[in-house]
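S.K.:
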Amino acid sequence: MVTTHITARCRDRVVSGRSSPCGAHSSVGFEGNEMGLAPDVKAAQAWCEAFVAARPSNVTRLAGLLPARKRPLFYPAYCAMRVIDDEVDEGFLGQGDAGRAASRGAMATRVEAWRSFALDAVAGTYNSGSASGDDDTIFTAMNASLGTGEMGPGPWNGLADAMQRDVEERPLATWGDFLDYTEGAAVAPASVFVYILACDVKRDGSSRLSLNRDCADYARHLAIFSYLVHILRDLKADAERAPQHLTLPDDLLAESGLSKMSLQRAARSSDEAALAPLVGTIAILTERHHEQTIRDLADLNDETGGDAAMLMGLAEVYSQQFDAIRADFGRVLEGGGVVDMATVDRLLTSGSSRS
Numbered sequence: 037m038v039t040t041h042i043t044a045r046c047r048d049r050v051v052s053g054r055s056s057p058c059g060a061h062s063s064v065g066f067e068g069n070e071m072g073l074a075p076d077v078k079a080a081q082a083w084c085e086a087f088v089a090a091r092p093s094n095v096t097r098l099a100g101l102l103p104a105r106k107r108p109l110f111y112p113a114y115c116a117m118r119v120i121d122d123e124v125d126e127g128f129l130g131q132g133d134a135g136r137a138a139s140r141g142a143m144a145t146r147v148e149a150w151r152s153f154a155l156d157a158v159a160g161t162y163n164s165g166s167a168s169g170d171d172d173t174i175f176t177a178m179n180a181s182l183g184t185g186e187m188g189p190g191p192w193n194g195l196a197d198a199m200q201r202d203v204e205e206r207p208l209a210t211w212g213d214f215l216d217y218t219e220g221a222a223v224a225p226a227s228v229f230v231y232i233l234a235c236d237v238k239r240d241g242s243s244r245l246s247l248n249r250d251c252a253d254y255a256r257h258l259a260i261f262s263y264l265v266h267i268l269r270d271l272k273a274d275a276e277r278a279p280q281h282l283t284l285p286d287d288l289l290a291e292s293g294l295s296k297m298s299l300q301r302a303a304r305s306s307d308e309a310a311l312a313p314l315v316g317t318i319a320i321l322t323e324r325h326h327e328q329t330i331r332d333l334a335d336l337n338d339e340t341g342g343d344a345a346m347l348m349g350l351a352e353v354y355s356q357q358f359d360a361i362r363a364d365f366g367r368v369l370e371g372g373g374v375v376d377m378a379t380v381d382r383l384l385t386s387g388s389s390r391s
């Protein structure tokens with residue numbers, strides 16, 4: 037299960053600089069110093085914006101607080117991650133054993149095709165019409181925005197790697213395996229958002245980045261922190277699904293006296309006592325990542341002159357959700373204890389107003 041909560045799933049570190057960013061595109065591009073976009077690009081960007089608007093979440097709410105000049109970078113990036121994630125998580129992993137076995141090869145091929153299109157688009161070399169359907173729309177928009185920037189291939193390779201791991205259904209045996217998986221499933225999407233927040237967008241729509249570290253280094257602990265909070269919050273809902281949707285490592289479960297099957301039984305029956313050791317262990321790990329999140333975001337905010345303050349608001353949303361989980365996990369198991377949308381909007385807006 038990859039996450040687009042932060043934007044998302046994904047893995048390798050972002051390349052913070054790229055030589056000779058391509059500013060010429062075969063069928064799309066910017067004219068002069070103004071964003072004189074070709075009609076197909078305008079249509080593609082409008083489609084991506086509508087796609088995001090129809091899927092409200094913490095991160096899409098945050099995107100609405102971005103400066104207008106940065107939204108064309110976010111919209112296609114989110115769409116690209118969300119579309120392929122849904123195909124893997126809902127379309128592929130949602131099948132029974134026989135269905136997954138029969139379609140595994142085709143799904144792996146699909147992921148690699150997506151990877152190729154995404155890498156072309158972020159490099160500014162995607163040719164409109166290369167992909168079909170929604171893919172073509174998304175990558176046309178991405179080519180005209182992120183394709184003139186310095187994001188590099190890292191997040192897109194990371195996301196594709198994480199999805200291939202899902203398609204192969206490789207087990208997460210250890211906590212180290214889990215952290216490796218989150219590099220693609222959580223850190224890479226978050227690093228995309230860090231890039232968008234931190235970059236300087238020129239009048240022609242191109243973007244440049246000047247940070248002391250890779251975007252992934254600033255995003256890592258926030259991404260893992262929020263990912264763990266989502267696991268705790270959604271434990272019962274995930275347990276209602278097939279075991280392949282559970283992304284906790286075997287060693288962590290074993291330390292808590294659980295297996296995937298017994299975890300599912302306990303979560304489905306709201307057996308708080310059986311789940312308590314696991315919840316306690318995850319809470320300790322979550323707290324460690326929260327502490328580092330605050331330090332990393334403070335550094336990022338200093339480096340960007342306050343442009344990353346809204347991420348502090350997002351971190352506070354997850355911090356309040358984490359507090360609610362620790363205070364009464366039984367209530368969370370029953371579907372309560374969720375931070376309401378009014379509070380989410382207030383915290384995100386408060387963070388944005390500091391930027």
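Throughout the sequence shown, residue numbering follows this note's numbering, covering 37 to 391 in sequence.
Heads up, the beta-carbon is just placed ideally off N, CA and C, and yes, glycines get one too.
Keep in mind the model is a prediction, meaning the values are calculated, not measured.
For D270, does the three-state DSSP call read helix, strand or coil?
M.R.: Here residue 270 refers to the residue found at position 234 of the sequence shown. Coil at D270, not helix or strand.
S.K.: List the endpoints of the continuous alpha helix (DSSP H) containing S181.
M.R.: Here the question's residue 181 lines up with position 145 in the sequence shown. Here the alpha helix (DSSP H) through S181 covers 169–181.
S.K.: Could you check whether A278 and L129 sit closer than 9 angstroms to each other, using their CB atoms as the reference points?
M.R.: Start at 1 with the first residue of the sequence shown, and residue 129 comes out as number 93. Start at 1 with the first residue of the sequence shown, and residue 278 comes out as number 242. Yes; because the gap between Cβ atoms is below 9 angstroms, this pair is in contact.
S.K.: If contact is defined by three or more beta carbon pairs under 8 angstroms, each pair taking one atom from either stretch, is the segment 348–366 in contact with the segment 323–334?
M.R.: Contact between the segment 323–334 and the segment 348–366 is established, with three or more Cβ pairs separated by less than 8 angstroms.
S.K.: Taking the alpha-carbon positions, what's the M77 to A167 distance?
M.R.: Position 41 of the sequence shown, counted from the start, is the residue given in the question as residue 77. Position 131 of the sequence shown, counted from the start, is the residue given in the question as residue 167. The sequence given here has Val at residue 77, not Met. The straight-line gap from Cα to Cα measures roughly 15 angstroms.
S.K.: Quickly, what does DSSP pair S243 with across the bridge? List them, please.
M.R.: The residue labelled residue 243 in the question sits at position 207 within the sequence shown. DSSP, once it has assigned bridges, lists V237 as partnering S243.
S.K.: Between L245 and E186, which are expected to be in contact by the criterion C-beta below 8 angstroms, what is the C-beta distance as a whole number of angstroms?
M.R.: Mapped onto the sequence shown, residue 245 falls at position 209. Mapped onto the sequence shown, residue 186 falls at position 150. Contact flag correct, Cβ pair sits at about 5 angstroms.
S.K.: Quick check: what's the CA-CA separation for S306 versus D332?
M.R.: Counting from 1 along the sequence shown, the entry for residue 306 is found at position 270. Counting from 1 along the sequence shown, the entry for residue 332 is found at position 296. Computed Cα separation, rounded: 36 angstroms.
S.K.: Kindly indicate which residue of H281, S152, G165 has the alpha-carbon position closest to the one of E126.
M.R.: The residue given as residue 126 occupies position 90 in the sequence shown. Here the closest residue by C-alpha is H281.
S.K.: I need the straight-line Cα distance from G72 to L383, nearest angstrom please.
M.R.: Here residue 72 corresponds to residue number 36 of the sequence shown, with the count starting at 1. Here residue 383 corresponds to residue number 347 of the sequence shown, with the count starting at 1. Taking the straight line from one Cα to the other gives about 35 angstroms.
S.K.: In terms of alpha-carbon separation, which member of S243, A319, D250, A309 lies closest to H266?
M.R.: One-based indexing of the sequence shown puts residue 266 at position 230. It is A319 whose Cα lies nearest to the Cα of H266.
S.K.: Does any residue of chain C have a CB that is nearer than 9 angstroms to the CB of L336?
M.R.: The chain inventory of the structure shown lacks chain C, comprising one protein chain alone.
S.K.: Provide the residue span of the alpha helix (DSSP H) that contains Q200, from first to last.
M.R.: Your numbering for residue 200 matches position 164 in the sequence shown. Looking at the DSSP string, the run of the alpha helix (DSSP H) that includes Q200 is 190–204.
S.K.: Using C-beta distances below 8 angstroms, list every residue in its chain close to R304, excluding the 5 sequence neighbours before and after it, in chain order.
M.R.: The count along the sequence shown starts at 1 and reaches residue 304 at position 268. Counting only Cβ-Cβ distances below 8 angstroms, and skipping sequence neighbours, we find K272, A275, E276.
S.K.: Please report how far the alpha carbon of F66 lies from the alpha carbon of A74, in whole angstroms.
M.R.: The residue labelled residue 66 in the question sits at position 30 within the sequence shown. The residue labelled residue 74 in the question sits at position 38 within the sequence shown. The pLDDT assigned to F66 is 34, lower than 50, so where the model puts this residue is not dependable; a value taken from the coordinates is nonetheless given after this. Cα to Cα, the separation comes out at about 8 angstroms.
S.K.: Taking the alpha-carbon positions, what's the R54 to C251 distance?
M.R.: The residue labelled residue 54 in the question sits at position 18 within the sequence shown. The residue labelled residue 251 in the question sits at position 215 within the sequence shown. Because the pLDDT at R54 is just 31, under 50, the model does not fix this residue reliably, and the point stays unresolved.
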